[in-house]
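Contents: one structure, followed by commentary.
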Amino acid sequence: MHQPREIIFEFQRVGGYVKVSAVDTLTSAEVSIVGPPSAGQVELERLAARKLEYVLEKRAAGARGGLLV
């Protein structure tokens, strides 16, 4: 049966910025972004999720024999 994809987000305040880590629960892939607190939680989560999807797509392309640059 197909497991739904979940993303776990972690927020850490680092000086004047916020570090957001996003972890895919199916693959354990993790990415991080840094942004201003004024961007807001929803926007920072959206950006981290986009980066995570990008990384997962690159990994899948590599597994299919695609070129990774």
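The working numbering numbers the first residue of the sequence shown as -17 and each following residue consecutively.
Note that beta-carbon positions come from the ideal geometry of N, C-alpha and C, so glycine has one too.
Just so we're clear, the structure is a prediction, and the values are computed from it rather than from any experiment.
- Shortest Cα-Cα distance from I(-11) to any of S3, R41 and K40 involves S3.
- Within the DSSP bridge table, the entry for G17 names V0 as partners.
- Between V16 and Y36, the C-beta spacing is not below 8 Å.
- Counting the other Cβ atoms within 10 Å of the Cβ of V13 gives 16 or more, which makes it buried.
- Per DSSP, the continuous alpha helix (DSSP H) segment holding L34 begins and ends at Q23 to A45.
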